[in-house]
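Throughout the sequence shown, residue numbering follows my numbering, covering 15 to 209 in sequence. Don't be surprised by glycine CBs; every beta carbon is placed ideally from N, CA and C. Quick caveat, the model's predicted, so the values are computed rather than measured. First up is the structure itself, then whatever we jot down about it.
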Amino acid sequence: MPKVEERPKLPPKGPPGRELGGGEGPEDAFSLPPGQVGLLVPLAAITSLFAALVSAYLVRMGLPDWQALPKPPLLWLNTLVLLLASLALERAARLEAWPQARPWALGGGLLGTGFILGQLLAWRLLLSLGYAPAGNPASAFFYLITALHGLHLLGGGLALAWVFVREGKGLRPCAWYWHYLLGVWLVLYALFLWT
Numbered sequence: 015m016p017k018v019e020e021r022p023k024l025p026p027k028g029p030p031g032r033e034l035g036g037g038e039g040p041e042d043a044f045s046l047p048p049g050q051v052g053l054l055v056p057l058a059a060i061t062s063l064f065a066a067l068v069s070a071y072l073v074r075m076g077l078p079d080w081q082a083l084p085k086p087p088l089l090w091l092n093t094l095v096l097l098l099a100s101l102a103l104e105r106a107a108r109l110e111a112w113p114q115a116r117p118w119a120l121g122g123g124l125l126g127t128g129f130i131l132g133q134l135l136a137w138r139l140l141l142s143l144g145y146a147p148a149g150n151p152a153s154a155f156f157y158l159i160t161a162l163h164g165l166h167l168l169g170g171g172l173a174l175a176w177v178f179v180r181e182g183k184g185l186r187p188c189a190w191y192w193h194y195l196l197g198v199w200l201v202l203y204a205l206f207l208w209t
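Structure, rendered in structure tokens:
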């Protein structure tokens, strides 16, 4: 008679040697490498954060004290720079050997830095025009949202630096993160242009 603490032994599922599967379908029906799974969790959280901010932005802009900000043309250039950063990292991720991918990854990182510096210049321009963060709700939202986006890009820069330390390992998920942040920026910039 088995002891109460012991679990009953169940017959193994799956073919011999792969008994730990647990699913009924083919083994490779939906499997992701750990790096990709590890990336999806933070992306879901970041998506929730920016979705909440966009929602609050849309609700808040309906109130009478909302004063739309001017749209500095520099933001178009910054968008192009971030697009080029994403393309450079994609090129790097597609190359098989790290020595060939390294210059593209470095270029992507430098372009990402250029985007952040361009955003700081856009802030400076808006400040010189009298649009301070506390000046009106539109200003506050613009600075908050672009600052959070910039912080996430800095995180992408740290991840890219870690890829360099590891001589190219983890480049694909890092590139996906940058593509994701490009997509987030395109949505945010479209929102700023629309309002």
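**Message:** Here's the rule: buried if 16 or more other CB atoms are within 10 angstroms of the residue's CB, otherwise exposed. What is A175?
**Reply:** If you number the sequence shown from 1, residue 175 lands on position 161. By the 10 Å Cβ count, A175 comes out exposed.
**Message:** What residue range does the alpha helix (DSSP H) around E104 cover?
**Reply:** Counting from 1 along the sequence shown, the entry for residue 104 is found at position 90. Run containing E104: 88–108, per the alpha helix (DSSP H) assignment.
**Item:** Pick from Y203, V198, L205, L207 that is closest to L63, judged by C-alpha positions
**Value:** Residue numbering aside, residue 63 sits at position 49 when the sequence shown is read from its first letter. It is V198.
**Message:** So, under 8 Å CB-CB, E191 and A173 are touching, yes? Tell me the CB distance rounded to an integer number of Å.
**Reply:** The count along the sequence shown starts at 1 and reaches residue 191 at position 177. The count along the sequence shown starts at 1 and reaches residue 173 at position 159. Note on residue identity: the sequence assigns Tyr, not Glu, to residue 191. With 8 Å as the limit, Y191 and A173 qualify as a contact, their Cβ atoms being about 6 Å apart.
**Asked** Do you know offhand how far L67's Cα is from L139's?
**Response** On the sequence shown, position 53 is the one that residue 67 refers to. On the sequence shown, position 125 is the one that residue 139 refers to. Each residue's alpha carbon lies about 23 Å from the other.
**Beta-carbon separation (whole angstroms), A119 vs L185, contact threshold 8 Å** = For the purposes of this step, residue 119 is taken as residue 105 along the sequence shown, with counting starting at 1. For the purposes of this step, residue 185 is taken as residue 171 along the sequence shown, with counting starting at 1. Confirmed, about 6 Å.
**Message:** Is it buried or exposed, G144, if we count other Cβ atoms within 10 angstroms and call 16 or more buried?
**Reply:** The sequence position of residue 144 within the sequence shown is 130, counting from 1. Answer is exposed; the Cβ neighbour count stays below 16.
**Item:** Unbroken stretches of the beta strand (DSSP E), 3 residues or longer, contained in the segment 127–186
**Value:** none
**Asked** What whole-angstrom Cβ distance do L109 and A102 have, given they're in contact under 8 Å?
**Response** By 1-based counting over the sequence shown, the position of residue 109 is 95. By 1-based counting over the sequence shown, the position of residue 102 is 88. Not a contact, Cβ separation roughly 11 Å.
**Item:** Rounded straight-line distance, which links the Cα of K85 to that of L207
**Value:** The residue you call residue 207 lines up with position 193 of the sequence shown. The residue you call residue 85 lines up with position 71 of the sequence shown. Their Cα atoms are separated by approximately 7 Å.
**Item:** A189 versus P87: straight-line alpha-carbon distance, rounded
**Value:** As a position in the sequence shown, residue 189 is number 175, starting the count at 1. As a position in the sequence shown, residue 87 is number 73, starting the count at 1. Answer to the nearest angstrom: the Cα atoms are 27 Å apart.
**Request:** Consult DSSP for T209 and reduce its assignment to one of helix, strand or coil.
**Result:** As a working note, residue 209 is residue 195 in the sequence shown. Correct three-state label for T209: coil.
**Message:** Could you give the first and the last residue of the continuous alpha helix (DSSP H) run that contains A59?
**Reply:** For this step, residue 59 is matched to residue 45 along the sequence shown. 48–74 is the span of the alpha helix (DSSP H), which, as asked, contains A59.
**Asked** Three-state secondary structure (DSSP) at Q81?
**Response** Looking up residue 81 in the sequence shown gives position 67. It is coil, neither helix nor strand.
**Message:** In whole angstroms, give me the CA-to-CA distance for E181 and L131.
**Reply:** In the sequence shown, counting from the first residue as 1, residue 181 sits at position 167. In the sequence shown, counting from the first residue as 1, residue 131 sits at position 117. Answer to the nearest angstrom: the Cα atoms are 27 Å apart.
**Request:** Leaving aside the five residues before and after V201 along the sequence, list all residues of the same chain whose C-beta is less than 8 Å from its C-beta, in chain order.
**Result:** Taking the sequence shown and counting its residues from 1, the one referred to as residue 201 is at position 187. If we look at V201 and ignore the five residues flanking it on each side, its Cβ neighbours are F64, V68.
**Request:** Enumerate in chain order the residues of its own chain whose CB-to-CB distance from G121 is below 6 Å, with the five nearest sequence positions on each side excluded.
**Result:** For the purposes of this step, residue 121 is taken as residue 107 along the sequence shown, with counting starting at 1. Closer than 6 Å at the Cβ level, and outside the excluded window around G121, lie A102.
**Prompt:** Do A152 and M75 have their C-beta atoms within less than 8 Å of each other?
**Reply:** What you label residue 152 is simply residue 138 of the sequence shown in a count that begins at 1. What you label residue 75 is simply residue 61 of the sequence shown in a count that begins at 1. It is a contact, given that the beta carbons lie within the stated cut-off.
**Prompt:** Can you tell which of D79, P187, N92, P113 has its C-alpha closest to the C-alpha of W137?
**Reply:** For the purposes of this step, residue 137 is taken as residue 123 along the sequence shown, with counting starting at 1. The shortest C-alpha separation from W137 is found at N92.
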